[in-house]
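S.K.: Its first residue numbered 107, the sequence shown is counted upward by one per residue in this note's numbering. Idealized CB from N, CA, C, for every residue including glycine. Let me give you the structure first, and then I'll get to my questions.
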Amino acid sequence: MTGAPLTPEQQARVVSIAMDLAREGRTAELMEFLDHGLPVDVADREGNTLLMLAAYHGHGETVEALVARGADVDQRNDRDQSPVAGAIFKGEEDVVRTLVAAGADLDAGTPTGRATAGMFGREHLLPDEER
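Quick look at the structure:
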């Protein structure tokens, strides 16, 4: 037996809960939402993805799980910010390493990850070959 499709209000609530889980680093619970059909690159009203929020808040395990599920490491929000630039801004070395290893473009977005590192004195977060 299949349930009725979610209303727009219900869909918005599901996305909001998932965003909170990403923001809080509650990986196992978030993965259940994905297991039940929530798109890995779903975005909130500001264009922030689950990956963006997990990266910005320094939740390495959640970032790794989302990357493993195929999250777009370069999907930018409505302010043209990238997950890797957010992680650099926050000084999240492990998250930056994971995103770069997954192919994140340090020259994407405004400001770019590379520019963010320069602005905030965090060049040490860039891979040696990227400095």
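Have a look at G131 and A110 and give me their C-alpha separation to the nearest angstrom.
M.R.: The residue given as residue 131 occupies position 25 in the sequence shown. The residue given as residue 110 occupies position 4 in the sequence shown. The alpha-carbon atoms of G131 and A110 are separated by roughly 30 Å.
S.K.: Out of G209, V121, Q116, D211, state which residue places its alpha-carbon closest to the alpha-carbon of L156.
M.R.: One-based indexing of the sequence shown puts residue 156 at position 50. Looking at the Cα atoms, V121 is the closest of the given residues.
S.K.: Could you please give the first and the last residue of the uninterrupted alpha helix (DSSP H) stretch that includes Q187?
M.R.: For the purposes of this step, residue 187 is taken as the residue at position 81 of the sequence shown. Looking at the DSSP string, Q187 is not in any alpha helix (DSSP H), and its letter there is neither H nor E.
S.K.: Assign T204 to one of three DSSP states: helix, strand, or coil.
M.R.: Here the question's residue 204 lines up with position 98 in the sequence shown. The answer is helix: DSSP assigns T204 an H, G or I state.
S.K.: So, under 8 Å CB-CB, V169 and A160 are touching, yes? Tell me the CB distance rounded to an integer number of Å.
M.R.: Looking up residue 169 in the sequence shown gives position 63. Looking up residue 160 in the sequence shown gives position 54. Confirmed, Cβ separation roughly 5 Å.
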